[in-house]
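To keep things clear, I will list the structure first and then write my remarks on it.
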Ligand SMILES: Nc1ncnc2c1ncn2[C@@H]1O[C@H](COP(=O)(O)OP(=O)(O)OP(=O)(O)O)[C@@H](O)[C@H]1O
Ligand SMILES: [Mg+2]
């Protein structure tokens, strides 16, 4: 019995492979947050007056708010004056021309496995890369522009498409929605902007890689995706950070808007530095993601594979406003060592005949804590609303925890809400059976975990499913001996 | 092929195998019989390398290698196969994917390239026909919700796919209907050749009728107390284990 546990404990701990630091000249401002810092960020980005005012308004609201304490996570108090709110690689390349990119930066992309030119040539995936505070490269822009799609950094969008940004920013996640969204609204430095005009199906996957490089800096990116009537887009976000002993804050806001008959598919492969095996360092991933199905027959689907970050606090949600709209949430959250995750979704049914589906797969190993927290609400007018939720937990060893907090609020009798949950454990007998067939314990765990997460992985775009699968296996290495 | 010398093994501090000896040559089929709780499955587990069994004394030589030095997966890749008395369910892992992984791990160990999809499917087809296993089982999660007989048949199917040098069948015949029993016997007979050896743990004569073992051993209280040819099994069927125990007591008294 003791051996079994020891074995299980040992299988989850390969070195974090993206832990390198890029030696690149960076433009950083002093630590801390105050009005001047917000003025400075806004002026560095040459923003219009309305944007500065919006930021300041968010800042004043934030000052009055309290950090939430309800998530099932614990961490020492964050000193918000000890964070750098703006850090940018000095040589900023002209968008689209990779030749002008700092060679150190290109090396970073290579190490991340996203050599941009390769991506351009082979997979036909349009990529935006955000390092520390700013977007450094967006590929495929011209081709997308031909069909009227705007895909650029949010800073550029503020310059070139101010009306669109002004109309939609903060309309899904109000600046005062929560503590971290208010902070983000005040100091966000970059992120991606994507606009798909009426009737256009985006011809390729759009993708953004977020990277924190600078020490002591926070990353506050903001993503805004708008799909006009009948439009379709599939969007993928990936993230990594160097290994550092100190915790770093990542507080992003993502807003999705789907008009009538539009569909947005948003996938995340989150691999922030999780901290070391003793729980030292790692990213605090406090993120607000929300989509709204504005028009009838629209659909928003979130898929997330969360393997990194010391603490994850994240509930990608869908507001089903239009009639006959569909919201989906597919999640794999893997925690190991001392990682903590409190993640789930909210499905808010407002329109008639709205449907939502939640599939959550939590995998806990080491001494980690993994919580699913989900809210399904059917409003009075949400006639015939339907929800199906399935939350499965898989435990490796007996020092980790899995928790489920489902909240259901139904205000009308025609709504049907179903919730199923299971918890299972990888047993010594299962591992031995695999070993007896020549499959070592580590491979066996990967096989079982992959099987467990299959339903969610199948939702990922093909190009990324393989990558995500490897990531799961790697994140579990060392959890059995 | 296999030389077990004076093996002592215990679990949770309790000694189960108490000085067991067994010698198996290539090409031989050995049957092990004996009363419940005698240590038959323990022997199988010790041979397969299950960690919670502690070997306190003795040696096991497997094809020239010190078996006790090898991890369970190394033993398997070297050609040891155990058909479990109670096969384990593994949800979410399809039987096909599981077997493919197992086959390729073994090939890797032997320095062979992994089987490509076409070659793998071809072998699958051959072996499914051999053990008459329902193909729909193969796309389902491993053993999950399989009937008792289906699980046993799946063990034999895996054995056929992995073509082991030494196969141990732990009561694979228990809980099988007449047809399944014949199929299991066919599977074993297919594997049988001058290079491979088989240990059959059973309580019943029926399987032995099909298999015609070269030797029959009786395992009682952690030791092999009597060995003989297939006629010994018939004698046991007729007289039960008491006559052996009586003769043991008689020897002890001398
Ligand atoms: N964890 C354990 N702690 C103590 N005793 C154990 C443990 N596991 C097995 N045993 C004992 O070891 C003895 C041998 O068991 P084993 O399963 O090898 O018998 P067997 O010969 O295969 O019996 P059967 O014919 O019923 O399958 C039994 O008395 C059993 O209770
Ligand atoms: Mg037994």
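Protein chains in written order, with the numbering used here: chain A, 151 to 631; chain B, 20 to 273.
We put the CB at the ideal spot given by N, CA and C, even for glycine.
Please state whether the Cβ-Cβ distance between residue 528 of chain A and residue 489 of chain A is less than 8 Å. no
Quick check on residue 254 of chain B - is its C-beta less than 8 Å from some C-beta in chain A? no
Neighbour list for residue 101 of chain B in chain A, Cβ cutoff strictly below 7 Å: 586
Within 10 Å of its beta-carbon, does residue 436 of chain A have 16 or more other beta-carbons around it, so buried, or fewer, so exposed? buried
Ligand 1 heavy atoms versus the CB of residue 586 of chain A: any closer than 7 Å? no
For residue 324 of chain A, which residues of its own chain have a beta-carbon under 6 Å away from its beta-carbon, when the five flanking residues on both sides are left out? Counting only Cβ-Cβ distances below 6 Å, and skipping sequence neighbours, we find nothing.
Three or more C-beta pairs below 8 Å linking the region 125-137 of chain B and the region 152-161 of chain B: no
If the cut-off is 8 Å on Cβ atoms, which residues from the region 163-191 of chain B count as contacting chain A, listed in chain order? Result list: 177, 181.
Are the C-beta of residue 159 of chain B and some C-beta of chain A separated by less than 8 Å? no
Using alpha carbons as the reference points, say which of A:495, A:513, A:291 lies closest to residue 507 of chain A. Distances from the alpha-carbon of residue 507 of chain A to those of A:495, A:513, A:291 put A:495 closest.
Proximal chain A residues relative to residue 112 of chain B, where beta-carbon distance stays under 7 Å: Near residue 112 of chain B (Cβ distances below 7 Å), the residues of chain A are 597, 598, 601.
Span of the alpha helix (DSSP H) around residue 295 of chain A: 291-296
In chain order, what are the residue ranges of uninterrupted alpha helix (DSSP H) at least 4 long that sit wholly in the region 538-596 of chain A? 578-586
Quick one: does residue 370 of chain A have its CB under 8 Å from some CB of chain B? no
Quick check: what's the CA-CA separation for residue 477 of chain A versus residue 442 of chain A? Cα atoms of residue 477 of chain A and residue 442 of chain A: separation of roughly 9 Å, rounded to the nearest angstrom.
Does ligand 2 have a heavy atom nearer than 7 Å to the CB of residue 189 of chain B? At least one heavy atom of ligand 2 lies less than 7 Å from the C-beta of residue 189 of chain B.
So, for residue 351 of chain A: in the same chain, excluding its five sequence neighbours on each side, which residues have a beta-carbon less than 6 Å away from its beta-carbon? 382
Taking only the alpha-carbon atoms, compute the straight-line gap between residue 108 of chain B and residue 512 of chain A and give it to the nearest angstrom. 20 Å
Answer with buried or exposed for residue 55 of chain B, where buried requires no fewer than 16 other C-beta atoms within 10 angstroms of its C-beta. Classification for residue 55 of chain B: exposed.
Using a Cβ-Cβ cutoff of 8 Å, what residues of the region 189-217 of chain A are near chain B? List them in chain order. none
Name the DSSP bridge partner or partners of residue 492 of chain A? A:463, A:521
Can you tell me whether residue 204 of chain A is buried or exposed, with buried defined as 16 or more other CB within 10 angstroms of its CB? buried
Residue 214 of chain A to residue 183 of chain A span [Cα, whole Å]: 14 Å
With which residues is residue 398 of chain A paired in a DSSP beta bridge? A:433
Establish whether the CB of residue 582 of chain A and some CB of chain B are separated by less than 8 Å. With its beta carbon less than 8 Å from one in chain B, residue 582 of chain A belongs to the interface.
Are there any heavy atoms of ligand 2 lying less than 7 Å away from the beta-carbon of residue 64 of chain B, as far as the coordinates show? no
Give the interface partners of residue 604 of chain A over in chain E, defined as CB-CB distance under 9 Å, in chain order. Looking at the structure shown, chain E is missing, and the protein chains on hand are A and B.
At 9 Å on the CB atoms, spell out the chain A contacts of residue 75 of chain B, in chain order. Those do not exist, as residue 75 of chain B stays about 16 Å from chain A at its closest Cβ, beyond 9 Å.
So, for residue 623 of chain A: in the same chain, excluding its five sequence neighbours on each side, which residues have a beta-carbon less than 6 Å away from its beta-carbon? Excluding positions up to five away in sequence, the list reads 596.
Which chain B residues sit within Cβ distance under 7 Å of residue 579 of chain A? 107
I want to check one thing, is the minimum distance from the CB of residue 18 of chain B to the heavy atoms of ligand 1 below 7 Å? Because chain B spans 20 through 273 in this model, residue 18 of chain B falls outside it and cannot be assessed.
Chain B within 8 Å of residue 590 of chain A, Cβ atoms only: Yes, because at least one Cβ of chain B sits closer than 8 Å to the Cβ of residue 590 of chain A.
Can you give the beta carbon distance from residue 606 of chain A to residue 509 of chain A, rounded, assuming they're within the 8 Å contact cut? 6 Å
Nearest-angstrom Cα distance between residue 134 of chain B and residue 143 of chain B? 11 Å
For chain B, is any of its Cβ atoms less than 8 Å away from the one on residue 616 of chain A? Taking Cβ atoms only, chain B never reaches closer than 8 Å to residue 616 of chain A, which makes this a no.
Does any CB atom of chain A fall closer than 8 Å to the CB of residue 119 of chain B? Chain A, which has no Cβ nearer than 8 Å to the Cβ of residue 119 of chain B, makes this no.
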